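Working notes, structure below.
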Amino acid sequence: SCAPNATWFLADGTSANDGGPQLCIRALRAIAEGEALTIAYCDVHEHRRLRMRALHKSFLFRCLCPRCALPHDSPPKCMLPPPSATG
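Just so we're aligned: 108 in the working numbering is position 76 of the sequence shown, and the numbers increase by one with no gaps anywhere.
Next up, the structure:
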């Protein structure tokens with residue numbers, strides 16, 4: 033989704049099986065019961081045209097998320113920092 037409600041990361045620590053890193057999911061906003069968890073497959077801060085191009089090139093699909101379905105591009109409504117802010 034280009035307007036994800038969750039993000040993922042690898043956390044150091046031990047898992048029950050092999051002691052390796054754990055895949056963690058963190059909510060970016062309140063998620064209603066029954067609502068699907070969605071994550072970003074691309075840089076959500078890019079313009080829709082660039083997101084669509086990247087998704088098609090990397091994953092061979094056209095995004096049909098609510099944000100991409102809008103007649104005009106809109107800024108992401110999530111709490112992901114822009115890539116330049118993360119280092």
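Each residue gets a CB set at the ideal place from its N, CA and C atoms; glycine is no exception. Quick caveat: nothing in here was measured; it's all calculated off a predicted structure.
Can you give me the Cβ contacts of residue i inside the same chain, cut-off strictly under 7 Å, excluding the 5 residues immediately before and after it?
i	result
residue 97	33, 34 and 35
residue 104	none
residue 52	none
residue 119	Unreliable placement is indicated for residue 119, whose pLDDT of 44 sits below 50; the coordinate value is still reported in the next sentence. For residue 119, where only same-chain residues beyond five positions count, there are no Cβ hits under 7 Å.
residue 65	none
residue 117	Residue placement at residue 117 cannot be trusted, given a pLDDT of 47 that sits under 50; the coordinates are not used to answer.
Between which residues of its own chain and residue i is the CB-CB distance below 8 Å, once the five residues before and five after are set aside?
i	result
residue 84	94, 95 and 100
residue 67	37
Going by the CB atoms, is the gap between residue j and residue i shorter than 8 Å?
i	j	result
residue 40	residue 63	no
residue 37	residue 58	no
residue 73	residue 87	yes
From this set, the options, which residue's C-alpha is nearest residue i's C-alpha?
i	options	result
residue 69	52, 80 and 56	56
Let me check you understand the geometry: is the CB of residue i closer than 7 Å to at least one non-hydrogen atom of the ligand HEM?
i	result
residue 68	By its list of ligands, the structure shown contains no ligand whatsoever, and the ligand HEM lies outside what it can speak to.
Looking only at its own chain, which residues have a Cβ that is under 6 Å from the Cβ of residue i, when we skip the five neighbours before and after it?
i	result
residue 92	none
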